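In the working numbering, the protein residues as written are 82 to 161. Glycine is no exception: its CB is placed at the ideal position from the N, C-alpha and C atoms. Just so we're clear, the structure is a prediction, and the values are computed from it rather than from any experiment.
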């Protein structure tokens, strides 16, 4: 969240054991607000290309920053 709040793209590697990662991958690709590095490149520190790509991305106005408000409203609707 704080990267997006600062209008900065993210760089991450795939996380095969993280169930939610596929949704994260799809969101990053759909919105073009982040770069996913291959595991080998990530762990070997080969980030130059990913950093260059990330710096060319625009994040501002692409990521809603009111998630807590949306969740509160969804919970409220469930309780009514």
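As the crow flies, the alpha-carbon of residue 150 is around 17 Å from that of residue 143. The count of Cβ pairs closer than 8 Å, one atom from the region 95-105 and one from the region 127-138, stays below three, leaving the stretches out of contact. Between residue 138 and residue 110, the C-beta spacing is not below 7 Å. Our two residues, residue 96 and residue 157, have alpha carbons roughly 33 Å apart in a direct line. Residue 148 counts as exposed, since fewer than 16 other beta carbons sit within 10 angstroms of its beta carbon. In the assembly as shown, residue 152 is an exposed residue. Its beta-carbon has fewer than 16 other beta-carbons within 10 Å.
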